[in-house]
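Chemist: Counting from 461, one number per residue, gives the positions in the sequence shown under the working numbering.
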Amino acid sequence: MTTATATRSPASAVDVGAPTPRDHLRHVGALVRRQALQAKGDPQSMMDALLMPIVFTLLFVYVFGGAIGADGDRDRYTDYLMPGMMAMTSIGIAMAVGTGLNEDLRTGVMDRFRALPIARSSVLVAKVVVELGRMLVAFAVLLLVGLAVGLDVDGRWAELGAAVALTALFGTSLLWIFMLLGLLLKSAQAIQGASFLALMPLQFGSSIFVPVETMPGWLEAFASVNPLSHAADAARGLMIGQGPVAQPVLWTLVWAVGLTAVTAPLAVRAFRRRT
């Protein structure tokens, strides 16, 4: 009779079989709690999400609002601008998650997760949940500042909530794009450079700051199909009651679902390959 001695390799130590949906939820919850505790211990990490909306809102309303607004009416321009600023804020937070993920890979934080018996996708889903929370906090700060400088939603509070939810859904699809970039590119500087080149024409070639009808024909054609224009117009129609609602909302949903369906599986696959 022989006695078999089981020797577990490092790989088998984390091989706990396919996680169930309940395991996924538990893993995501633990990782979200970990990142929330980190944010609580380092409140400066939230400053970009809180300060950037304030700076941009004050800059555009008080520096450009009188010149860009119809007949120099700064309040009317504030009503027009604020829905677009929500879309712009979601982009800024999404770009930050790409550079943060790349930094985590470079510094070995992800190697620690690899040693844990958790599903690989849980790490990315937890990041999406945390960044979505940061996005909602940023929206709240942005809207409070907007109300202070003249935003008038005329009692459309339910529509305002719908606009926030729709923009957050669109912003979540952007998170997957930038996480994919964070996994594919070699450095945070490369991500920032590529993001800057791609986002500048998308931001300013949209209806975020001015109506697309004021642009030259070729730029108006580009801005009319720009997903940022759809997101800004949808929030504008819901919050302020300016312009059509159904078509921009539909196109925003199509873009959000389409971008997530394409980039989320690619991001999870790239994450598994790198970890």
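Note that CB positions come from ideal geometry on N, CA and C, so glycine has one too.
What you are looking at is a predicted structure, and each value in this text was computed from that prediction instead of being measured.
(1) To the nearest angstrom, how far is the alpha carbon of T627 from that of A730?
(2) Assign V709 to buried or exposed, taking buried as 16 or more other Cβ atoms, counted over all protein chains shown, within 10 Å of its Cβ.
(3) Starting from the C-beta of S633, find all residues in its chain whose C-beta is less than 6 Å away, skip the five residues before and the five after it, and write them out in chain order.
(4) Rounded to whole angstroms, what is the Cα-Cα separation between F669 and L541?
(5) Grab the span of the alpha helix (DSSP H) containing K587 for me, first residue to last.
(6) Quick check on the DSSP output: the alpha helix (DSSP H) that includes F664 runs from which residue to which?
(7) Could you check which residue in A695, M507 and R733 has the C-alpha nearest to that of E619?
(8) Can you give me the start and stop residues for the alpha helix (DSSP H) that P704 sits inside?
(9) Taking A727 as the reference, give the member of G593, V588 and T712 with the closest Cα.
(10) Could you give the distance in angstroms between the alpha-carbon of G486 and the alpha-carbon of Q702?
(11) Tell me the rounded alpha-carbon separation between A490 and T559.
(12) Quick one: is T674 buried, meaning 16 or more other Cβ sit within 10 Å of its Cβ, or exposed?
(13) Near V722, which residues of its chain fall below 7 Å by C-beta distance, leaving aside the five closest residues on each side in sequence?
(14) Is S784 helix, strand or coil when you go by DSSP?
(15) Assuming G642 and L561 form a contact by the criterion Cβ under 8 Å, report the distance between their Cβ atoms to the nearest whole angstrom.
Modeler: Concretely, from the data shown:
(1) If you number the sequence shown from 1, residue 627 lands on position 167. If you number the sequence shown from 1, residue 730 lands on position 270. Spanning the two alpha carbons is a distance of roughly 26 Å.
(2) Reading the sequence shown from its first residue, position 249 is the one you call residue 709. In summary, V709 is buried, with 16 or more beta-carbon neighbours lying within 10 Å of its beta-carbon over all protein chains present.
(3) Working through the sequence shown from its first residue, we reach residue 633 at position 173. If we look at S633 and ignore the five residues flanking it on each side, its Cβ neighbours are A716, L719 and T720.
(4) Within the sequence shown, the letter at position 209 stands for residue 669. Within the sequence shown, the letter at position 81 stands for residue 541. One C-alpha to the other measures close to 6 Å.
(5) Here residue 587 corresponds to residue number 127 of the sequence shown, with the count starting at 1. If you look at K587, you'll find it in the alpha helix (DSSP H) that goes R580 to A608.
(6) Start at 1 with the first residue of the sequence shown, and residue 664 comes out as number 204. First-last of the alpha helix (DSSP H) with F664: A648 to F664.
(7) What you label residue 619 is simply residue 159 of the sequence shown in a count that begins at 1. Of the candidates A695, M507 and R733, A695 places its Cα closest to the Cα of E619.
(8) The residue labelled residue 704 in the question sits at position 244 within the sequence shown. In the DSSP annotation of this structure, P704 is not part of any alpha helix (DSSP H), being labelled neither H nor E.
(9) Position 267 of the sequence shown holds residue 727. With distances taken between Cα atoms, A727 lies closest to V588.
(10) For the purposes of this step, residue 486 is taken as residue 26 along the sequence shown, with counting starting at 1. For the purposes of this step, residue 702 is taken as residue 242 along the sequence shown, with counting starting at 1. One point to set straight first is that residue 486 is Arg, not Gly, in the sequence displayed. Rounded to the nearest whole angstrom, the CA to CA distance from R486 to Q702 is 43 Å.
(11) Residue mapping note: residue 490 aligns to position 30 of the sequence shown, counting from 1. Residue mapping note: residue 559 aligns to position 99 of the sequence shown, counting from 1. Each residue's alpha carbon lies about 22 Å from the other.
(12) Taking the sequence shown and counting its residues from 1, one reaches residue 674 at position 214. With a 10 Å radius around the Cβ and a threshold of 16 neighbouring Cβ atoms, T674 comes out exposed.
(13) The count along the sequence shown starts at 1 and reaches residue 722 at position 262. If we look at V722 and ignore the five residues flanking it on each side, it has no Cβ neighbours.
(14) The chain is shown from 461 up to 735; residue 784 falls before or after that span and cannot be answered.
(15) Locating residue 642 in the sequence shown gives position 182, where the first residue counts as 1. Locating residue 561 in the sequence shown gives position 101, where the first residue counts as 1. With a Cβ gap of about 4 Å, G642 and L561 count as contacting.
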